[in-house]
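Below is one structure, written out as structure tokens; comments come after it.
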Amino acid sequence: MRVRASLPIVLLLFSTVASAQDTSLVSRSGARPLVRPDGTYTFQHLPHSDLVFEGQIAPRILIVDSIGRATRNVLLESKAPIWGYQVSTTPMVKLRMFDQTSNPVRTPSYMPKATIQLARFRNRAPETDPDSEGFNRGPIEMWLIDVVPFGHHSNGQDGCLFTEEARNADGDCVEVTQAAVKTINKKDGSFSTNYIEAMAFYGRMTLDSDGAAAGDFATRFEWRAGVGIQLNPEGYVGGAIKPKLAERYGPTRILFGAMAARRDLWRCGRAAADTRFQYLTSKHPDVPALITQIEGACFPSGWGGAGLFLRFYSGQDYYNLGFTEKITRLQFGVTLQRDQLLGFRIKPV
Amino acid sequence: MYATLSYDVSAGPTPIEELRKKILEVFADRATCDLLSDTFICEVQNTADYLALSRKLRKVGTDVDGQFQYVFTLHSAGAPLRSNAIFPKAKANDILDPGAEE
Numbered sequence: 001m002r003v004r005a006s007l008p009i010v011l012l013l014f015s016t017v018a019s020a021q022d023t024s025l026v027s028r029s030g031a032r033p034l035v036r037p038d039g040t041y042t043f044q045h046l047p048h049s050d051l052v053f054e055g056q057i058a059p060r061i062l063i064v065d066s067i068g069r070a071t072r073n074v075l076l077e078s079k080a081p082i083w084g085y086q087v088s089t090t091p092m093v094k095l096r097m098f099d100q101t102s103n104p105v106r107t108p109s110y111m112p113k114a115t116i117q118l119a120r121f122r123n124r125a126p127e128t129d130p131d132s133e134g135f136n137r138g139p140i141e142m143w144l145i146d147v148v149p150f151g152h153h154s155n156g157q158d159g160c161l162f163t164e165e166a167r168n169a170d171g172d173c174v175e176v177t178q179a180a181v182k183t184i185n186k187k188d189g190s191f192s193t194n195y196i197e198a199m200a201f202y203g204r205m206t207l208d209s210d211g212a213a214a215g216d217f218a219t220r221f222e223w224r225a226g227v228g229i230q231l232n233p234e235g236y237v238g239g240a241i242k243p244k245l246a247e248r249y250g251p252t253r254i255l256f257g258a259m260a261a262r263r264d265l266w267r268c269g270r271a272a273a274d275t276r277f278q279y280l281t282s283k284h285p286d287v288p289a290l291i292t293q294i295e296g297a298c299f300p301s302g303w304g305g306a307g308l309f310l311r312f313y314s315g316q317d318y319y320n321l322g323f324t325e326k327i328t329r330l331q332f333g334v335t336l337q338r339d340q341l342l343g344f345r346i347k348p349v
Numbered sequence: 350m351y352a353t354l355s356y357d358v359s360a361g362p363t364p365i366e367e368l369r370k371k372i373l374e375v376f377a378d379r380a381t382c383d384l385l386s387d388t389f390i391c392e393v394q395n396t397a398d399y400l401a402l403s404r405k406l407r408k409v410g411t412d413v414d415g416q417f418q419y420v421f422t423l424h425s426a427g428a429p430l431r432s433n434a435i436f437p438k439a440k441a442n443d444i445l446d447p448g449a450e451e
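Given below as structure tokens:
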């Protein structure tokens, strides 16, 4: 009974945090916007397992930003490209609570990272009169370079990766039991890697002024697609991936992502769809090379940036020591919004 | 949102009365405009609506060749109205923030 009661409590806690953040769905021009953040989630999945709930906590902390300033200059008369950049950090954590004795949260994923974004905006409106609505509707073209110069993924454990190993006097894991196929130590096995990631996106935003701040035109519909790569090099700062993990994890990954979002669709202040694919190299034989993730989300107006989502995920388990397993899940729950719909300042009249 | 218009008209080829008529014609189909002492205020639906009014005012200015000088400013709903003159607050609030409770 205690386990059954815990999920509503967790959902309630998360929704309290969500309303406290009160993030607007549309970013006002000049404000520091959230572009492609990771998002915060709490959810369950189908088919049912011994999971009580899974969560991802990923607040984006903006340090330096000029994308906000860029949104005040894109709709000026010249239609020249405008550049902006943003430096941020995200102390991301993923955790799963299991329906076992004492409801353990088994080895959470700690995934802090730094992000640098470079954006290039251009007004592609066919009209030339800066005071006309057509000029201010865009579409706005956006090139986005999204780089993670340093990302870390570990589970904070100090055991050996395999159950057949134990630490010797020097602290190194050595084989103590002979086994043809080694078993991952899921209780306290140490998982750690550092990565570099870079993605390039191209997208467009069409704008209108309904519901936008005074003096702004805001994104009504947007889409974006991009490709990139993630590298998990050995020896990349402390906590880097070790050879034993590298040959099974898939240290080089080709990334593809696409998204579309619309403002004010049915009861959603923001409705969004997001698709991601990853192609793994040097992966474990039990997992497929391709990871597929398709997500749809609805953020009702007045929910302070909180929303409901549904996600299909298939491929290598992303939860640290689960990397040797394939999972196929339909995930559903509540989330805090990810991207904000950008607002752009009209030419000063 | 609402917009404020401050203007000055000067003598010239176009009679002043005709010029005033042209200015008022810009706002003719609007129920929520009012001249509050020294400030003309109008509710606008959104930025596009404001731009449409702005274009019409600019056309009036062009037609009368400099006899009509103006500043037409957009304000967020509920933003305070600055005026040195005395004006009816209740009437102004209906335009400044139509969604607000009395």
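Going down the list, the sequences are from chains A and B. First residue of the first sequence? That's 1 in the numbering used here, and the numbers climb one at a time after it. First residue of the second sequence? That's 350 in the numbering used here, and the numbers climb one at a time after it. For each residue, glycine too, the CB sits at the ideal point set by N, CA and C. Because the structure is a prediction, the values reported are computed rather than measured.
Report the CB separation of residue i from residue j in whole angstroms; it is logged as a contact under 8 Å.
i        : j        : result
A/Val227 : A/Ala200 : 7 Å
A/Arg28  : A/Asp216 : 6 Å
A/Gln157 : A/Gly189 : 6 Å
A/Lys94  : A/Phe150 : At roughly 18 Å, the Cβ-Cβ gap does not stay under 8 Å, so A/Lys94 and A/Phe150 are not in contact.
A/Gly46  : A/Leu330 : Rather than Gly, the amino acid found at residue 46 of chain A in this sequence is Leu. Correct: roughly 4 Å between the Cβ atoms.
B/Tyr356 : B/Tyr419 : 4 Å
A/Phe299 : A/Leu25  : 6 Å
A/Asp38  : A/Thr90  : 6 Å
A/Ser192 : A/Gly239 : 5 Å
Taking all protein chains shown into account, do 16 or more other C-beta atoms lie within 10 angstroms of the C-beta of residue i, making it buried, or fewer, making it exposed?
i        : result
A/Phe332 : exposed
A/Pro139 : buried
B/Glu367 : exposed
A/Thr16  : Any reading at A/Thr16 needs caution, since the residue's pLDDT is 39, under 50, leaving its predicted position unreliable; the model's value is listed next. It is exposed - the Cβ of A/Thr16 has fewer than 16 other Cβ atoms within 10 Å.
B/Thr353 : buried
A/Leu336 : buried
B/His424 : buried
A/Gln117 : buried
A/Trp303 : buried
A/Asp22  : Unreliable positioning characterises A/Asp22 in this predicted model, as indicated by a pLDDT of 46, which lies under 50. The coordinate reading is nonetheless provided below. A/Asp22 is exposed by the Cβ-count criterion.
B/Thr396 : buried
A/Pro130 : buried
A/Gln178 : exposed
B/Tyr351 : buried
B/Asp378 : exposed
A/Arg124 : exposed
A/Asn155 : buried
A/Thr101 : exposed
B/Pro447 : exposed
B/Ile365 : exposed
A/His153 : buried
A/Pro243 : exposed
B/Gln394 : exposed
A/Asp208 : buried
Closest to residue i by C-alpha separation, out of the options, would be which residue?
i        : options                                   : result
A/Ser282 : A/Ile254, A/Leu265 and A/Leu95            : A/Ile254
B/Asn442 : B/Gly427, B/Ser432 and B/Arg431           : B/Gly427
A/Arg248 : A/Phe323, A/Ile229 and A/Thr292           : A/Phe323
A/Ile229 : A/Glu222, A/Pro251 and A/Ile241           : A/Pro251
A/Glu141 : A/Leu290, A/Ser192 and A/Thr206           : A/Thr206
A/Arg338 : A/Ile241, A/Val52, A/Ile57 and A/Gly134   : A/Ile57
A/Ile196 : A/Ile327, A/Phe221, A/Lys244 and A/Val237 : A/Val237
A/Leu280 : A/Asn194, A/Ile346, A/Asn232 and A/Gln178 : A/Asn232
B/Ala360 : B/Gly415, B/Arg404 and B/Leu430           : B/Gly415
A/Pro285 : A/Gly315, A/Ala297 and A/Ala271           : A/Gly315
A/Arg311 : A/Arg96, A/Ala273 and A/Asn123            : A/Ala273
A/Thr40  : A/Gly257, A/Asp317 and A/Met92            : A/Met92
A/Thr219 : A/Phe256, A/Glu234, A/Ser49 and A/Leu265  : A/Leu265
A/Ile184 : A/Thr107, A/Ala297, A/Glu127 and A/Ala240 : A/Thr107
A/Asp99  : A/Ser132, A/Pro59 and A/Gln44             : A/Gln44
A/Ile291 : A/Gly305, A/Arg276 and A/Gly343           : A/Arg276
A/Gly296 : A/Gly305, A/Ala306 and A/Ala271           : A/Ala271
A/Trp83  : A/Glu175, A/Trp143, A/Val148 and A/Thr42  : A/Trp143
A/Ala289 : A/Asp210, A/Ser109 and A/Lys326           : A/Lys326
A/Val35  : A/Arg72, A/Arg167, A/Ala169 and A/Ile61   : A/Ile61
A/Tyr318 : A/Gly343, A/Lys347 and A/Gln278           : A/Gln278
A/Thr366 : A/Val74, A/Phe309, A/Ala169 and A/Ile145  : For residue 366 of chain A there is no data in the structure shown, the boundaries of chain A being 1 and 349.
Name the chain A residues that come within less than 7 Å of residue i, Cβ to Cβ?
i        : result
B/Asn395 : Ser209, Asp210 and Ala212
B/Leu445 : Within chain A, no residue comes near B/Leu445; the closest Cβ sits about 12 Å away, beyond 7 Å.
Just to make sure I have the definition right: I need the residues of chain B whose C-beta is within less than 9 Å of the C-beta of residue i. Which are they?
i       : result
A/Ile67 : Going along chain B, no residue has its Cβ under 9 Å from A/Ile67, so there is no contact; the nearest lies around 21 Å.
Quick one: list the residues of chain B neighbouring residue i, beta-carbon separation under 8 Å, in chain order.
i        : result
A/Ile63  : By Cβ distance, chain B contributes nothing, its closest Cβ being about 29 Å from A/Ile63, past 8 Å.
A/Ile346 : Thr396 and Leu400
field: Residues, ordered as in the chain, of the segment 126 to 141 of chain A that lie near chain B by beta-carbon distance below 8 Å
entry: Answer set for the segment 126 to 141 of chain A: Asp131, Ser132, Glu133 and Asn136.
- prompt: Which residues, taken in chain order from the segment 206 to 227 of chain A, show a beta carbon closer than 8 Å to some beta carbon of chain B?
  reply: When C-beta distances to chain B are compared with 8 Å, the residues of the segment 206 to 227 of chain A below that value are Asp208, Ser209, Asp210, Gly211, Ala212, Ala213, Ala214, Gly215, Asp216 and Phe217, in chain order.
Within 9 Å of chain A by C-beta, residues of the segment 403 to 424 of chain B in sequence order: From the segment 403 to 424 of chain B, only Ser403, Arg404, Arg407, Phe421, Thr422, Leu423 and His424 have a Cβ closer than 9 Å to chain A.
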